[in-house]
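In the working numbering, the protein residues as written are 95 to 397.
For each residue, glycine too, the CB sits at the ideal point set by N, CA and C.
The structure displayed is predicted, hence computed values, not measured ones.
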């Protein structure tokens with residue numbers, strides 16, 4: 095029964111992680127707009143990178159501990175964060191409609207059609223492409239060196255790259271169209287996903303961690319901000335569809351690795367097939383986002 099308990103815990107962690115991301119974006123961005131501080135909107139996404147870096151360091155330094163102990167420590171860390179959030183939002187009024195949105199009709203479930211469907215599919219491809227290196231880079235590193243103090247550095251590098259890239263995007267790319275930022279980030283992520291196919295070396299995996307870690311939160315930020323631009327009156331349904339697609343992509347990635355198993359396809363093992371598929375999807379969607387963004391004036395605003 096223990097494996098099923100582990101799967102249930104991992105599943106619930108994924109559900110609540112997605113819930114937190116959508117709810118935090120839905121609350122923070124309008125709140126910043128109400129305070130006339132929309133330029134700070136991108137900075138809220140540095141928190142995810144800081145969290146990854148902090149937990150990566152925790153597991154790196156505590157790598158000799160039992161996995162159950164690490165789970166408890168991570169749970170306590172998450173509890174501290176939840177308590178802090180509850181203390182800060184308790185008693186605060188609901189976010190009022192911001193300028194330009196007040197009086198706009200709120201549809202309970204706006205249709206996702208045309209460009210919005212393309213956005214959802216691109217975000218789904220992002221979930222598939224991101225999960226391969228995010229899940230298996232430590233495994234690849236462990237195949238090259240067994241010392242946990244070496245291969246365990248993958249996640250701290252990943253997280254710090256996310257922090258620095260989001261800070262850079264928030265500071266330097268504030269006036270760029272969200273589609274362009276997303277397209278560039280998704281294209282760079284494609285390169286990072288394909289890198290491990292070239293050479294099995296630690297420096298290649300470190301470069302992949304930097305490229306993927308340095309773009310996945312920029313992609314998240316740009317994608318969610320674009321959803322708010324496209325549906326300013328009520329972006330939550332679109333955000334939910336995008337997050338659902340992202341989750342489906344996350345599930346499909348490891349399932350593909352499991353499906354290929356020990357079979358070799360065109361000389362590639364399971365991780366190679368998954369990495370190649372992920373890189374190809376990311377590249378195709380990056381091109382689509384860039385081309386669509388070139389012809390869309392409505393997306394040419396910053397957040």
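message: Three Cβ pairs or more, each shorter than 8 Å: is that satisfied between the segment 344-353 and the segment 217-227?
response: yes
field: CA-to-CA distance, residue 360 to residue 407, given in whole angstroms
entry: Nothing can be reported for residue 407: it is not among the residues displayed for the chain, which extend from 95 to 397.
- request: Measure the alpha-carbon distance for residue 260 versus residue 122 and round it to whole angstroms.
  value: Residue numbering aside, residue 260 sits at position 166 when the chain shown is read from its first letter. Residue numbering aside, residue 122 sits at position 28 when the chain shown is read from its first letter. Straight-line Cα distance between these residues: approximately 16 Å.
query: What do you reckon, are the CB atoms on residue 321 and residue 331 nearer than 7 Å?
result: Counting from one through the chain shown, the residue named residue 321 turns up at place 227. Counting from one through the chain shown, the residue named residue 331 turns up at place 237. Not closer than 7 Å, so no.
query: What does residue 359 pair with, by DSSP beta-bridge criteria?
result: As a working mapping, residue 359 is identified with position 265 in the chain shown. Per DSSP, the beta bridge partners of residue 359 are 362.
- prompt: Does DSSP classify residue 315 as helix, strand or coil?
  reply: Here the question's residue 315 lines up with position 221 in the chain shown. Residue 315: helix per DSSP, three-state reduction.
query: Between the segment 176-185 and the segment 301-319, are three or more C-beta pairs nearer than 8 Å?
result: no
Cβ-Cβ separation, residue 292 to residue 298 (assumed contact under 8 Å), whole Å: Start at 1 with the first residue of the chain shown, and residue 298 comes out as number 204. Start at 1 with the first residue of the chain shown, and residue 292 comes out as number 198. Right, their Cβ atoms sit about 6 Å apart.
- prompt: For the candidate residues 153, 168, 312 and 358, whose alpha-carbon lies nearest to that of residue 266?
  reply: Position 172 of the chain shown holds residue 266. Residue 312 is the option with its Cα nearest to residue 266.
field: Validate contact between the segment 366-376 and the segment 251-258 using beta carbons, cut 8 Å, 3 pairs
entry: no
- request: Using the Cα positions of residue 325 and residue 116, report the straight-line distance between them to the nearest angstrom.
  value: For the purposes of this step, residue 325 is taken as the residue at position 231 of the chain shown. For the purposes of this step, residue 116 is taken as the residue at position 22 of the chain shown. For residue 325 and residue 116, the distance between alpha carbons rounds to 15 Å.
query: Could you give the uninterrupted runs of the alpha helix (DSSP H) lying entirely in the segment 228-312, keeping only those of 4 residues or more?
result: 242-245, 248-266 and 272-288
query: Among the residues of its own chain, which have a CB less than 7 Å from the CB of residue 294, if the five just before and after it don't count?
result: As a working mapping, residue 294 is identified with position 200 in the chain shown. Counting only Cβ-Cβ distances below 7 Å, and skipping sequence neighbours, we find 238.
query: Taking C-alpha atoms, which residue in 227, 349, 274 and 99 lies nearest to residue 283?
result: On the chain shown, residue 283 is found 189 positions in, with the first residue counted as 1. Residue 283 has its Cα closest to that of 227, out of 227, 349, 274 and 99.
- request: Compare the beta carbon distance of residue 136 and residue 315 with 7 Å and say whether it is the shorter of the two.
  value: In the chain shown, residue 136 corresponds to position 42, counting from 1. In the chain shown, residue 315 corresponds to position 221, counting from 1. Yes, these two residues count as a Cβ contact at 7 Å.
field: chain B contact for residue 149 (CB, 7 Å cutoff)
entry: Checking the listed chains, one finds no chain B in this structure; it contains a single protein chain.
field: Range covered by the alpha helix (DSSP H) that runs through residue 169
entry: Counted from its first residue, the chain shown places residue 169 at position 75. Taken as a continuous stretch (DSSP letters only), the alpha helix (DSSP H) holding residue 169 covers 161-183.
- prompt: So, residue 339 versus residue 214, is the Cβ gap smaller than 7 Å?
  reply: Looking up residue 339 in the chain shown gives position 245. Looking up residue 214 in the chain shown gives position 120. Their beta carbons are under 7 Å apart, which means residue 339 touches residue 214 by this criterion.
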